[in-house]
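A.B. asks: The following block contains the structure, expressed as structure tokens.
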Amino acid sequence: MPQTAEIATADLKEIAAQVRRDIVRMVHAVNSGHPGGSLGCTDLLVALYFKVMKHTPQPFDMDGTGQDLFFLSNGHVSATLYSVLARSGYFPVSELATFRKLNSRLQGHPTTHEGLPGIRIASGSLGQGLSVACGAAQAKKLNGDDRRVFVLMGDGELQEGQNWEALLYAAHHKIDNLIGVIDRNGQQIDGSTAEVGGLGDLRAKFEAFGWHVLEADGNDYATLLPALEAAQAATGQGKPVMYIMDTRMGFGVDFMMDGHKWHGVAPNDAQLATALEQLVVGTAGDY
Numbered sequence: 167m168p169q170t171a172e173i174a175t176a177d178l179k180e181i182a183a184q185v186r187r188d189i190v191r192m193v194h195a196v197n198s199g200h201p202g203g204s205l206g207c208t209d210l211l212v213a214l215y216f217k218v219m220k221h222t223p224q225p226f227d228m229d230g231t232g233q234d235l236f237f238l239s240n241g242h243v244s245a246t247l248y249s250v251l252a253r254s255g256y257f258p259v260s261e262l263a264t265f266r267k268l269n270s271r272l273q274g275h276p277t278t279h280e281g282l283p284g285i286r287i288a289s290g291s292l293g294q295g296l297s298v299a300c301g302a303a304q305a306k307k308l309n310g311d312d313r314r315v316f317v318l319m320g321d322g323e324l325q326e327g328q329n330w331e332a333l334l335y336a337a338h339h340k341i342d343n344l345i346g347v348i349d350r351n352g353q354q355i356d357g358s359t360a361e362v363g364g365l366g367d368l369r370a371k372f373e374a375f376g377w378h379v380l381e382a383d384g385n386d387y388a389t390l391l392p393a394l395e396a397a398q399a400a401t402g403q404g405k406p407v408m409y410i411m412d413t414r415m416g417f418g419v420d421f422m423m424d425g426h427k428w429h430g431v432a433p434n435d436a437q438l439a440t441a442l443e444q445l446v447v448g449t450a451g452d453y
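For the sequence shown, this note's numbering assigns the number 167 to the initial residue and increments by one for each residue that follows.
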């Protein structure tokens, strides 16, 4: 299904269900990966690539001149990005079957040296995505390119200091074509973010750093889409924009939801069957 601003919410939900099927099947096939966070951020990536962003899957251009750019900072949720890229036309959907296998272009964390269309940075070392997005957005402004840059970050990676340097930099330089998204699911590999390293009042912190901030549910298109519209409307006004997106780890598969257990655990055969029973096959079908 091509990207279009007119796509219906029902279609987005169908695509999201199919992407979630891809995620659990990909992780199960190699007994490796990160299904929890991948399932939680699916709705955002589907909305961005199928409705919100102006982008050209083919031919893929690393510079993305005249296009909106997306950067994934929490690279361990690569299964979501690979599925969305494939299903929006960047590379064949059949290639999803190579996820995390030897010599695959679909590595566990995205990399650039394989030349996979849609991947502009290697990510997985957490805390770096916002810095890259700042540079890309600033380059667009310097080049007179009026498109936007989006970056997704996990809430756990905000415990790394480089993010806060980038937050200061973006506000100081008025990089107002930048939209950051925090996937606030409250979980990370070792437990809840509150237990591992509490983040406090993120809205107050971002606002103190000079950002325009909004908050909304990220697993409900009735709130997600208006939030993305509001984020875009806030660009071009002298401040970078941050959308704090509340999601549920493992969203869409009931036994994977909310806890940190499924951060990096693959489902077994029985668990996969249960998960697939809860996710509707889209019109495009499984890979």
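A virtual CB, placed ideally from N, CA and C, is assigned to each residue, including glycine.
Answer yes or no: the CB of residue 245 versus the heavy atoms of the ligand ATP, is any distance below 7 Å?
C.D. replies: Ligands in the displayed structure: none, and consequently the ligand ATP is not present.
A.B. asks: Out of 234, 417 and 420, point me to the one whose CA is closest to residue 218's CA.
C.D. replies: Of the candidates 234, 417 and 420, the one whose C-alpha sits nearest the C-alpha of residue 218 is 234.
A.B. asks: Using alpha carbons as the reference points, say which of 172, 272, 203 and 175 lies closest to residue 432.
C.D. replies: With distances taken between Cα atoms, residue 432 lies closest to 203.
A.B. asks: Check the C-beta distance from residue 253 over to residue 181 and give it rounded, since I have them as a contact under 8 Å.
C.D. replies: Their Cβ separation, rounded to whole angstroms, is 7 Å, which keeps residue 253 and residue 181 in contact under 8 Å.
A.B. asks: Grab the span of the alpha helix (DSSP H) containing residue 203 for me, first residue to last.
C.D. replies: Segment 201-206, the alpha helix (DSSP H) holding residue 203.
A.B. asks: So is residue 413 in contact with chain D if we call contact Cβ pairs under 8 Å?
C.D. replies: This model lacks chain D altogether; it includes just one protein chain.
A.B. asks: Can you give me the Cβ contacts of residue 375 inside the same chain, cut-off strictly under 7 Å, excluding the 5 residues immediately before and after it?
C.D. replies: Once the five neighbours on either side are set aside, the close Cβ partners of residue 375 are 333, 334 and 337.
A.B. asks: Under DSSP, the alpha helix (DSSP H) around residue 261 begins and ends at which residues?
C.D. replies: Here residue 261 belongs to no alpha helix (DSSP H), and DSSP marks it neither H nor E.
A.B. asks: According to DSSP, is residue 438 helix, strand or coil?
C.D. replies: Helix.
A.B. asks: So within the stretch 383-446, which uninterrupted alpha helix (DSSP H) runs reach at least 4 residues, ignoring any that extend past its ends?
C.D. replies: 387-399 and 435-443, all fully within the stretch 383-446.
A.B. asks: Taking C-beta to C-beta, are residue 413 and residue 351 nearer than 8 Å?
C.D. replies: Result yes, Cβ atoms of residue 413 and residue 351 sit closer than 8 Å.
A.B. asks: Between residue 134 and residue 420, what straight-line distance do the alpha-carbon atoms span, to the nearest angstrom?
C.D. replies: Outside the shown range of the chain (167 to 453) lies residue 134, about which nothing can therefore be said.
A.B. asks: What is the DSSP secondary structure of residue 219, counted as helix, strand or coil?
C.D. replies: Of the three classes helix, strand and coil, the one that applies to residue 219 here is coil, per DSSP.
A.B. asks: Out of 411, 258, 443 and 199, point me to the one whose CA is closest to residue 369's CA.
C.D. replies: It is 411.
A.B. asks: Compare the Cα-Cα distances from residue 447 to each of 177, 184 and 178 and report the closest residue.
C.D. replies: Nearest C-alpha to residue 447: 184.
A.B. asks: Using 8 Å for Cβ pairs, my map puts residue 262 next to residue 211. What's the rounded Cβ distance?
C.D. replies: Not a contact, Cβ separation roughly 14 Å.
A.B. asks: Just checking my contact of residue 196 with residue 265 at CB under 8 Å: how many whole Å lie between their CB atoms?
C.D. replies: Right, the Cβ-Cβ distance comes to about 6 Å (below 8 Å), so this counts as a contact.
A.B. asks: Is residue 279 helix, strand or coil by DSSP?
C.D. replies: Three-state DSSP puts residue 279 in coil, outside helix and strand.
A.B. asks: Taking the Cβ atom as the reference point for each residue, do residue 189 and residue 260 lie within a distance shorter than 8 Å?
C.D. replies: No, the Cβ-Cβ distance between residue 189 and residue 260 is not below 8 Å.
A.B. asks: Quick one: what does DSSP say residue 286 is sitting in, helix, strand or coil?
C.D. replies: DSSP places residue 286 in coil when its eight states are reduced to three.
A.B. asks: Assuming residue 372 is part of the alpha helix (DSSP H), what are its boundary residues?
C.D. replies: That run of the alpha helix (DSSP H) goes 368-374.
A.B. asks: Express the C-alpha separation of residue 363 and residue 112 in angstroms, rounding to a whole number.
C.D. replies: A query on residue 112 cannot be resolved here, the shown segment of the chain reaching from 167 to 453 and no further.
A.B. asks: Does residue 327 come out as helix, strand or coil in the three-state DSSP assignment?
C.D. replies: Note: residue 327 maps to coil in three-state DSSP.
A.B. asks: Just the C-alpha distance for residue 214 and residue 436, rounded to the nearest angstrom, thanks.
C.D. replies: Looking at the two C-alpha atoms, the distance is approximately 32 Å.
A.B. asks: Do residue 276 and residue 291 count as a contact pair if the criterion is CB distance below 8 Å?
C.D. replies: Against a cut-off of 8 Å, the Cβ pair of residue 276 and residue 291 comes out as no contact.
A.B. asks: What is the residue span of the alpha helix (DSSP H) that residue 253 lies within?
C.D. replies: From DSSP, the alpha helix (DSSP H) with residue 253 extends over 244-253.
A.B. asks: For residue 236, which residues in the same chain have their Cβ closer than 7 Å to its Cβ, ignoring the five residues on either side in sequence?
C.D. replies: Taken in chain order, the residues that qualify are 214, 219 and 316.
A.B. asks: Let me know if residue 422 comes out buried or exposed under the rule of 16 or more other beta-carbons within 10 Å of its beta-carbon.
C.D. replies: It is buried - the Cβ of residue 422 has at least 16 other Cβ atoms within 10 Å.
A.B. asks: Measuring alpha carbon to alpha carbon, tell me which residue in 293, 322, 321 and 342 is nearest residue 313.
C.D. replies: Among 293, 322, 321 and 342, the Cα nearest to that of residue 313 belongs to 342.
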